[in-house]
Each structure stands twice: as C-alpha cells, then as structure tokens.
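First to last, the sequence lines map onto chains A and B.
Its first residue numbered 645, the first sequence is counted upward by one per residue in this note's numbering.
Its first residue numbered 4, the second sequence is counted upward by one per residue in this note's numbering.
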Amino acid sequence: MAQRGITALALALAIASAGMARAQVMELAVDASPAGLDPHIITAFTSFQIVNGTIYEGLTQIDKDLRTTPALAQSWEISPDGRTYVFKLRPNATFHTGASVEAADVVASLNRVMSKDIASPLASRLAAVETTSARDATTVEVVLKEPSAPFLSALAGIAIVPRSFEANKDALQRQPVGTGPYKFKEWQPNGFILLEKHAGYWNADMPKLAGVKFNIVPESATRQAGLASGTYAALPNIDASTALQLKGRSNVKIAETLELAYSLVGMNAAKPPFDNPKVREALNYALNRTEIIQAALFGAGGPAGPLSPALKDWAVDMKEFPCYAHSATKARDLLKAAGVATPLEVTVLVLPRQDIKDIAQVVQAQLNAAGFKVELKFPELGQFIQDWRNSNFTAFVSTNAGSTDPDDYFYRTFRSGGSTNVFKYANPQLDQLLDDARRELDTGKRRTAYNKAQSILACEGPIAHVAYGQLFTAMRANVQGFDILANRSLTALGRVSLAK
Amino acid sequence: MTISAALPRLHRRFQAAGFRSRRRSFLASRLFDVGVVLLGVSFLVFLMIRLIPGDAVAIMLGANAEVTPERIAEITTRLGLDQPIFVQYWRWLGGALTGDLGVSLWTRRPVVDEILGHMGPTLLLAALALVVGVGLAVPLGVVMAKLRGRGWDVALRIGSVIGLTIPSFWFGIMLIFVAAAVAPDAQLLGYESFLADPLANLTRLLLPAFALALPILANLARLLRSAMLDALQQDYIRTARAKGASETSILFKHALRNALIPFVTSVGIMTGYLLSGAIVVEQVFAIPGVGRLILGAIAERNYPLLQGAILVVTAMFVLVNLAVDLLYAAIDPRVRR
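Structural data, given as structure tokens:
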C-alpha cells in the first residue's frame, strides 16, 4: 500500500515537473521533417528554418529590414581596393560545447564550405574568396580574388562551426554544434526537434525562453486545432488559406509581411517556342497577375517584377515594366510577330503543391485566351525536381525563394551558366551588367546596373514573375517579439518571449 | 487466410524433406513460409520504390538549391546508389540477415534505431485502438443480436456499414475539427511521450485510437452479432431456456461464450490490420510512429529506411498471423492436416 502511494506521488511529481518544463519551452508546429542539420550541407528549407539563427550563426546576419548587420563578427574593415576583409570576433562568443569561438574556427568553417570533399551547396557564395587566415585568436583575414559586393550578406548564411568538424560530413547532420542562442537537445525523427537555451550566449539578453520545440505536424487541420487549443504557441510560415481560417479566433494573432519568395512561370529559353524573346514577352502580356492573386492566393500577395518589393533598396516598381499591363491582344500580336502558329501548344509542368496548382489553372485559362493552348502536367515531386534540374521542360509553374542580395539571386538564376539557370538563358548584355555589379562596391552604381538588369529580365527574361506572396505566421496572443522576416528565417526566436 | 495456401508447392516439398512429427512439421513449415514472405516482400519493396520516378539524391537536394553535379555524384557514390540494383539488394540482404538494416539516408542513423525509436507510439496506438474496438464491439454486437430486426439493430447495422466504409484519414480530420469546436481548450492534440507524461500520452492518443478502431469496431460488432444469432439458434440455448435460465444468463453465459470463439480469432487477424491502418492515422494526428516513418521514407526516397520499416511491419503482421494459425491449430487439430 505504502509502495503504491510512493509510486503515485512520484508519478504526480513527474507529471507536474514535465508541466513546468513545458511552460518555458515554446512549442511550434512545422509541416515537414528536416533532412539533416548540418548548416553547410542542408538544402531543404525545412532544415534551414530550424537551424538558421537559432543553433547556428554566421559572421554577419540579416536583420528585419533585410540589411546586413554584425553577428559573430563585432566589426570589420575593408581595404581600399575592396579585396581584403579583416573581421574582429566577439571576445565572449562561445560554442555550445563551452569552447570560445576563435579565428581558427572561422577559417575552418569557411574552408569547410569551400572544400570539394564536403561539396557544400553554399560553396558558390564564397567563390570570390582567395585566402582565409587567422591573424590572432580573434581576428580573421579574408582576401578576395576581386571585389565582391554581396560578400558580407553571403557570410550571414555561412554558419561558424567548431574547427574539429572541418572534414566531418556526418556528425553535424545529427548533432549540430553552433554558437547561436539555442543549442540542440533532442531530435525525435518525425516527432520533434527540441532546442534548449544556450546559457553562455554572447548576448546576455538572449534567449528569453528555456527552449524551443519544433513539432513536426504534417496535417494542416491538426496544426490549426493545436494552435487554437494552445498546444502550439505558433505556426510559422503558413499559407493564406490557413491564415484566413485562423483569423478572428480569440487568443490567436496573425503576423504578416511581404516575402522574397514568389510564384513564377519558368520558360526554357533554349527550346522552341520560348527561345524566341517575343514569345516570352507575349506570355508576360497574357498574364493578369492581379486576377491570379485574387483567384488563387486569396488576395494575399502582390504582383511585382524580378525583385520583391520587400527589397526596398533594390526593387524597381512593376509599373515601369510595360509587359506587366495585361493585354491579350498585345500577346496575340507578339505571337504573330514571332511567326509562330496559333494557338501555340505548350506543355507546362506544375509543382505538386496546392497553391501552385491553383495558380497554374488560372495561368492556363489566361494563356489560352491569348493565343496559347496550354496542357498542364502534374508530375510527382521527385520527377518535377529531376525534370527541373535537367532542364527537361518547355515551361513550368513553380515557386522560388529569392534572396536578400540581388547578386545572390540574379547571378545563379540568370547569368549564362549560372548554377540554377535551368532555363538555359544566355544574354551577354545581362551577363556584363551582373559581372560589373558584383565587383562594384558603390551602392548607387550597383543600383543603376540592377535597375537595367530588372528591365531586361521583366519582359524577355526566362521567368514571368507572377506574385510575391504574403508571408503569414499564426501565434497565440501571449507570444511577444516574434518578428516575421521576409526570407522566412526564424532568427527572431532568439528574442521571443511568452507573456504569462 | 493461411500463408501456406498461397505456397502449396514449396510447402509440400518442404514437408517431404523429412519431418516426422506432424506438429513440428506444421510449425517448421509455417516458419519457412514466414521467411519466404519476408524475402519476397523485401525484394518487392526494394524494386518498387526504385520504380517511382525521382531519385533520393534529387529529393534530398531539393528544387531550389544550388546544387553542383559534383555534389550529386558525390552523394550518389557515398550512398552506394551508383551500383546496379541487384548488387544493392544483395548488399542490403547480407546486412539484413545479420540484423544490420543500414543507415537512414537523411539522418545517417542506423535504420534499426530509427524503427525502434518509432515503434513505441505505434504499439501504444494499436493497443489502445484494440481496447477501444473490442471494448465497444462486444456490447454493440450483443445489443444488435438481442434487438435483432428492431430499430436499434437496424440503426447500428447501418452505422457499422458506414464505419466500415469511411476512410480513416477523413474520419480523423473530422474528429479533429469536432474536438477543436467542442472542446477548444482540451489538450487532445499533439503527441506526448508516455515516459514523459503518461496521462497526456493517453488523452492525446484517444482521438487517433478511435479513428483507427472504427473500421475494426464495425467489423467485429457485425461479426459478433451474427455469431450470437448463430449461437442463439442452437439446441443448448433451447435447453437452457427450458431449464428456466434468465435472459441475461442465456445471452452472456451461454450464447456470448460460444460466439466469442470466432470473434477472438478475428481479433487476432485485425491486430495485423491495425498496423497498416496506423500509417494514415499517424500522419493525420502527427504521431511519430512507424507509419509516419514509412510515409516520410517514401516521400524522401529513403530506400534503406523504407525497406527496413516495411520488413519489420511485415514481420509483425506475419507473426501475428502465425500466432493465430498456431492457436487455431491448437484448438482444432483438423487444421494441422
């Protein structure tokens, strides 16, 4: 009897302590499992959003206004020729192991990304780097082959890890070690990822929470009901229809911001009929972007050109692009001028995602009304990715992530031979503009070059930008300080707190 | 029902190999069947996942990533995916026979650990669903038999047909919506580990267990109803009535006892089906069990993980069937012939 009493008491204490621990940990629900947690190897967004700015940090970081600010590097100096960067590290920064962050760790991390052996997808961001060296324990010198305007913002995406991991391909995927405000605690695959407070974080004011738990909940209805009942404190990056359903619920608030990611119609510039710039222009005239946003995106988001309006310093107003004014007649005229037979038959691949399928159907109707005859194909995701990568398409409807620096987005996407130029687009004039802008450190001159690049790309580029989406995050009313970043990053979790 | 029915020739050849005792031969041939089924399933799964378009590396690296051909080649070689499929299968089989199911392509953890880590929630969910299904099927079956032809019987029979035909994913989502509307503050969603918080674990498993149990409940209730009606027709019931036994005693003591024999056999078989039903229910309710492991592995083309998980689930299914067969054989010697 006494033993039973003790067991009951122990059980009650265990339940109570579990309850207390939960109160300090913010529970989020995300829709998919991460593919791994090594910041230099992961490519999936599900992984990125969990580790970026929470577990890992770079020398620099991107703030709410998408500007580059200091992170692990307290300050830096750039030589007059724009080739030598000297970074001063924060003296009190530590890894989750407790070891200090030293210049040798930074050098090892940059080398790790550049090494052929690791084959990091981030390597192209450091393409300009010639040498890296540690001047002393807290000073890093990086010499570039030529001046590189996007170098500082690129560094925000390069996590600094302990030097012992330089040649290790597997360990960080499962057991990440970084310098961020949260350290890795537990990963139950398909269940959750639990991060706990990094007590020795260099910014003593952060983090405010005892931990963050990313629950992996694939079913949207379950996520919504979980938020409504308070099981989850926040649902980051939800779509417009989910946001609409949650709007107006007591205890739930919706934060929104215009995002960098956008929906698009991609065209193969190396294959007929889209090898003809007039046909690409015709497709742009045929689209009624406002109608697409109303019909397929619940009115959330806005039409825009090659750069998101969220990039206030760079984006050109879409009104300056003549082909963005919808005109089926103009589209037909251009097709006639291009010398193609109408109706022009085109097969369009569609990314298997509901909002993209919805967009594709409206696009189909609009193109059909302007001289095209569109057949939509809905391949399975793996097949879509393979066709996309191999440029095995005439056209497709999909979504793209954008970037905080125009160079990072334009160069890989549109430059001849660019790593994601699956459109096989080649325009010497644009190549020249992108090369010049990359080497130019004067912001005014860079802007002039990118303005020209945008006007070329808007009408005859291989991508018809359809809409920049509105990014929604739903959270309980007691969540404070959860800023929504246009690049979908959850770095704000370091500053979040929960009111009682 | 038995596996041997599908493999008569192998079965006969195996039996001819010189097992003297019938009972031993029966057990041995059933175990042989289990081995053949597992081998066949493992090969089919191996082949089928590779027939789905889109390869593991393409999905791993995503559509919007900056991916160099070198990186694709590096990963493909590292994972051994550049080898011919039969070489891959042979390697995998060799490992599997020694208990090594390889490592998950994504997390790089041993597949055995991944499966063991996901087994607890699935077994708990299946057990709870079994309790709910059987616990409700017995009274419903008895009530239906007792009220045969009357309004309640008809309503319950219609209800059981609906229960059998409703897809569990749809029913699960409806349960979530209803629960969120009726009791918005009740903590009924999200999975909590049994070890961390047993009470929360069980309350949060209730809705999914009910969704999973529904078709089984409907099936078992109908089965018990007809078994009860059969039993109630028998002579011994008439004798009991003639001897003045009460209706309750006739229903529960005489009829239900006899009706439970086919019922118990079915419960055994249904247990196997619970495992496959759990795949969908786990996805809907975000329970980190083997079902979600399998769905995730399909989406990721995580070949070793999928092969391992399917092998383990198949083994469980087959072993439950084997146990039922053996039980049956123990009860009815005719089965052993």
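Beta carbons: idealized from backbone N, C-alpha and C, even for Gly.
As the structure is a computational prediction, the values presented were derived from the model and not from experiment.
query, result
"At least one CB of chain B closer than 8 angstroms to the CB of A:I1029: is that the case?", "yes"
"Among A:V1110, A:S885, A:D1127 and A:N847, which has the Cα closest to the Cα of A:Y968?", "A:V1110"
"Keeping to the same chain, check which residues put their C-beta closer than 6 angstroms to that of A:A737; ignore five residues upstream and five downstream.", "L716, V745, T823 and W846"
"Select from the region 121-136 of chain B all residues with a C-beta closer than 9 angstroms to any C-beta belonging to chain A, and list them in chain order.", "H121 and P124"
"Is DSSP giving A:P714 helix, strand or coil here?", "strand"
"Are the beta-carbon atoms of B:A221 and B:G166 separated by less than 8 angstroms?", "yes"
"Note the first and the last residue of the continuous beta strand (DSSP E) segment covering A:H1109.", "I1107 to R1120"
"Does any CB atom of chain A fall closer than 8 angstroms to the CB of B:E250?", "no"
"Identify the contact partners of B:P56 in chain A, using a Cβ-Cβ distance below 8 angstroms as the criterion.", "P1023, E1024, G1026, Q1027 and Q1030"
"Taking only beta-carbon positions, decide if B:R228 is within less than 8 angstroms of chain A.", "no"
"Check the Cβ-Cβ distances between B:W95 and every residue of chain A, and say whether any is below 8 angstroms.", "no"
"Exposed or buried, which one is A:T1087 when buried takes at least 16 other CB atoms within 10 Å?", "exposed"
"Within this structure, are the beta carbons of A:P683 and A:V674 separated by less than 8 angstroms?", "no"
"What are the residues in the region 817-846 of chain A lying within 7 angstroms of chain B by C-beta distance?", "Q817, R818, Q832, P833, N834 and G835"
"Going along chain B in order, which residues have a C-beta closer than 7 angstroms to the C-beta of A:A679?", "M63 and W109"
"For a test of the three-state rule: what should DSSP assign to A:F692, helix, strand or coil?", "helix"
"Below 8 angstroms on the Cβ atoms is my guess for A:R779 versus A:I802; work out the distance and round it to an integer in Å.", "About 19 angstroms; that fails the 8 angstroms criterion."
"Would A:L979 and A:L988 qualify as a contact pair, given that the criterion is a beta-carbon distance under 8 angstroms?", "yes"
"Output needed for A:F918: all residues of its chain with C-beta closer than 6 angstroms, excluding positions within five of it in sequence on either side, in chain order.", "M911, N912 and R924"
"Is there contact between the region 822-839 of chain A and the region 695-711 of chain A, where contact requires at least three CB pairs shorter than 8 angstroms?", "yes"
"Which chain C residues sit within Cβ distance under 7 angstroms of B:F266?", "Among the protein chains of the structure shown, namely A and B, there is no chain C."
"What residues match up with A:G946 in a beta bridge as DSSP calls it?", "A:Y1112"
"Between A:F1028 and A:P996, is the Cβ-Cβ spacing less than 8 angstroms?", "yes"
"Does A:T651 get closer than 8 angstroms to chain B when you measure Cβ to Cβ?", "Here the model assigns A:T651 a pLDDT of 48, short of 50, so the residue's position is not dependable and the matter cannot be decided."
"Give a single yes or no on whether A:K1021 has its beta carbon closer than 7 angstroms to a heavy atom of the ligand HEM.", "The ligand HEM is absent from the structure shown, which contains no ligands of any kind."
"Could you check the C-alpha separation between B:L227 and A:A676 for me, to the nearest Å?", "42 angstroms"
"Give me the residue from A:T1135, A:E903 and A:S873 with the minimum Cα distance to A:G890.", "According to the sequence as given, residue 890 of chain A is Leu; it is not Gly. Here the closest residue by C-alpha is A:S873."
"So, is A:T1135 buried or exposed, given that buried needs 16 or more other C-beta atoms within 10 angstroms?", "buried"
"Report the CB separation of B:L127 from B:F197 in whole angstroms; it is logged as a contact under 8 angstroms.", "6 angstroms"
"Please confirm if A:D814 has its CB atom under 8 angstroms from at least one CB of chain B.", "yes"
"Would a check of beta-carbon distances place A:A667 closer than 8 angstroms to chain B?", "Interpretation of A:A667 is limited by its pLDDT of 43, a score under 50 that renders its predicted location unreliable; no figure is taken from the coordinates."
"Expressed to the nearest angstrom, what Euclidean distance is found between the alpha-carbon atoms of A:T1168 and A:K915?", "The displayed coordinates of chain A run from 645 to 1144. Any statement about residue 1168 of chain A would go beyond what the structure contains."
"Chain A beta carbons: is any one of them nearer than 8 angstroms to that of B:I179?", "yes"
"Out of B:G271, B:V146 and B:G144, which one is the CA nearest neighbour of B:L325?", "B:G271"
"Indicate whether A:V787 and A:S753 have their beta-carbon atoms separated by less than 8 angstroms.", "no"
"Measuring CB to CB, does B:V316 end up less than 8 angstroms from B:L278?", "yes"
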